[in-house]
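One structure is given below, encoded as structure tokens.
In my numbering, the protein residues as written are 19 to 72.
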């Protein structure tokens, strides 16, 4: 989608997932997984699915 050019991949994926399925509760974090694990090791425990990109 041309409107997404230059936007955060995480933000766009969340928007598209919610557009496809209203029941999706998506949120995105623009922080490195390493930093999250170091500062909050249980951060990922709250999710059933995690999608990561570079």
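Note that the Cβ used here is the ideal one computed from N, Cα and C, for glycine as well.
None of the values given here were measured: they were computed from a predicted structure.
* Asked: What are the boundary residues of the alpha helix (DSSP H) that includes residue 56?
  -> 51-57
* To do: Would you kindly work out how many angstroms separate the C-alpha atoms of residue 71 and residue 26, rounded to a whole number?
  => 11 Å
* What are the boundary residues of the alpha helix (DSSP H) that residue 64 is part of? -> From DSSP, residue 64 is part of no alpha helix (DSSP H); its letter is neither H nor E.
* If you drop the 5 nearest sequence neighbours on each side, which residues of the same chain put their C-beta closer than 8 Å to that of residue 47? -> 28, 54
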